[in-house]
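Engineer:
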Amino acid sequence: MAHSLATSETQVIAPNLGFLKTWLRIEPLIRAVEKTATDTIAQYPGTPIRVIGHSMGGLIWLEVLNRHQEWWPQIHSLVLVASPVGGADSARIIDPFGLGLGIARDLGIDRRLIAQKIASVIPTLSISGDLDGGSDGTVTLGCTQVPGAKSVCLPGLAHATLKNHAEVAKAIRDFWNPFPGSDALSQGIPDFSDELIQRLRLVVGMTDGHPRDFRRSKIHLTFKNRITLRTWKNPTQVDHVFVGDPAGQCLYSGFVGWLHAEGLRKVLQEIAKEDL
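Quick note: the sequence shown, position 243, residue 243 per the numbering used here, numbers continuous.
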C-alpha cells in the first residue's frame, strides 16, 4: 500500500512489529512505533509526515500522537483504515469486564475523544469497508467514525482486504490531492441526529454495534423531527439502543454491558424529560 502511494521523493517507513506480539498487549507496540517515529523525525526534521494505519495500526498511531503533540505541526495527515477507534465490539464481548484477556482489552478501548482532538488539528481520513450493511466482517462501521474527520466507506471490502486495495489507495490520493474547488475536510454543521448519537456514545460502556438488530427494536422516543430513539434487549439481556431516521432507517446502533445498563437507563430518562 505504501509503495503504491509513494513518489520518487517519498521515504517509506513500515516497521515490523511482530505477528505474535500483536496478540498480547498494545503498549509495547506503541513504544516501538514511538521510537521509530522519534528517530525518523530526528533524521528528517521539518519534513512533512503522512501517517497511515490499518486496524490496530491506526490505534497505535492515535496513542503515539496523543503522547507527542509537539510533532503535530510536522504531520501532514493521518489516515485510519478500518481502525476501531470507538472500541471493537468483538473485543468488548471477549473481555466485557476489561480484565486484560490478550489484546482484547486494548482493542475494546474507546479512543474517539483522542481521535477527535487530533482531527481538530491534523487532517484526518477514516476509511471503512462494508460487507454486510454494517461492518467489514471484523469491525463495525460506527466504531471507525471520528468526529471532525472525513469518512469514506467502501462497499464490498473486507477488513483484511482494506490493508492493500486499489480503492483504498484512490481514497487516500483523493484526500491528499482534492480536486479543485473541493474541501477534503469539510464536515458541515452537526445536526440533531449527530448530537444525539454523540450523547449516546458518551454513556459509560457504550460500544458501537451492528445495525442488523434495528428491526427487532421498539420505539422508545419519537422526537419532533421524527427521529426515533429505539431500544432492544438481546437474549442475554444486553441493552441495545438505536437511532432511526424519519424513513425508518438505522442511523446508529450501540450496546452496553450489564454493568452499565443503569447508566444508559438514566440517560434515556434525561432525554425523555427534555423538550426535543
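Positions of the beta carbon are idealized from the N, C-alpha and C atoms, including for glycine.
Examine the ligand SAH and report whether any of its heavy atoms sits within less than 7 Å of the Cβ of residue 104.
Structural biologist: Absence of the ligand SAH is noted for the structure shown, with no ligands found whatsoever.
Engineer: Using a Cβ-Cβ distance under 8 Å, would residue 232 count as near chain C?
Structural biologist: Absent from the structure is chain C; it holds one protein chain and no more.
Engineer: On the DSSP bridge assignment, give the partners of residue 50 in chain order.
Structural biologist: Translated into the one-based positions of the sequence shown, residue 50 becomes position 50. Beta-bridge pairing links residue 50 to 77.
Engineer: For residue 232, which residues does DSSP report across the bridge?
Structural biologist: Here residue 232 refers to the residue found at position 232 of the sequence shown. 240, per the DSSP bridge assignment.
Engineer: Let me know if residue 4 comes out buried or exposed under the rule of 16 or more other beta-carbons within 10 Å of its beta-carbon.
Structural biologist: In the sequence shown, residue 4 corresponds to position 4, counting from 1. Exposed, because fewer than 16 other Cβ atoms sit within 10 Å of the Cβ of residue 4.
Engineer: Identify whether residue 154 lies in helix, strand or coil by the three-state DSSP scheme.
Structural biologist: Mapped onto the sequence shown, residue 154 falls at position 154. Three-state result, residue 154: strand.
Engineer: What is the residue span of the beta strand (DSSP E) that residue 255 lies within?
Structural biologist: By 1-based counting over the sequence shown, the position of residue 255 is 255. Run containing residue 255: 250-256, per the beta strand (DSSP E) assignment.
Engineer: State the CB to CB distance for the pair residue 172 and residue 125, rounded to an integer number of angstroms; the pair is presumed to be in contact (CB under 8 Å).
Structural biologist: For the purposes of this step, residue 172 is identified with residue 172 of the sequence shown, where counting begins at 1. For the purposes of this step, residue 125 is identified with residue 125 of the sequence shown, where counting begins at 1. With a Cβ gap of about 7 Å, residue 172 and residue 125 count as contacting.
Engineer: If you draw a straight line from the alpha carbon of residue 59 to that of residue 272, how long is it in whole angstroms?
Structural biologist: Position 59 of the sequence shown, counting from 1, holds the residue named residue 59. Position 272 of the sequence shown, counting from 1, holds the residue named residue 272. Approximately 35 Å, taken between the alpha carbons.
Engineer: Would a C-beta distance cut-off of 8 Å place residue 230 and residue 220 closer than the cut-off?
Structural biologist: The count along the sequence shown starts at 1 and reaches residue 230 at position 230. The count along the sequence shown starts at 1 and reaches residue 220 at position 220. Yes. Within cutoff.
Engineer: Distance check for residue 123 and residue 103, CA to CA, integer angstroms please.
Structural biologist: Numbered from 1 along the sequence shown, position 103 holds the residue referred to as residue 103. Numbered from 1 along the sequence shown, position 123 holds the residue referred to as residue 123. The straight-line gap from Cα to Cα measures roughly 28 Å.
Engineer: What are the start and end residues of the alpha helix (DSSP H) that includes residue 30?
Structural biologist: Along the sequence shown, read from residue 1 onward, the residue named residue 30 stands at position 30. Unbroken alpha helix (DSSP H) run through residue 30: 27-43.
Engineer: So if DSSP puts residue 208 in a beta bridge, which residue, or which two residues, is it bridged to?
Structural biologist: Position 208 of the sequence shown, counted from the start, is the residue given in the question as residue 208. Answer is 254, bridged to residue 208.
Engineer: Could you check if residue 262 is buried or exposed, using at least 16 other CB atoms within 10 Å of its CB as the buried criterion?
Structural biologist: As a first step, residue 262 must be located in the sequence shown, where it is residue number 262. The residue is exposed, with fewer than 16 neighbouring Cβ atoms inside 10 Å.
Engineer: Hey, would you say residue 83 sits closer than 8 Å to residue 55, going by beta carbons?
Structural biologist: Stepping through the sequence shown from its first residue, residue 83 is reached at position 83. Stepping through the sequence shown from its first residue, residue 55 is reached at position 55. Result yes, Cβ atoms of residue 83 and residue 55 sit closer than 8 Å.
Engineer: With 16 as the cutoff for other CB atoms within 10 Å, does residue 63 come out buried or exposed?
Structural biologist: To locate residue 63, count along the sequence shown from 1; it is residue 63. Buried.
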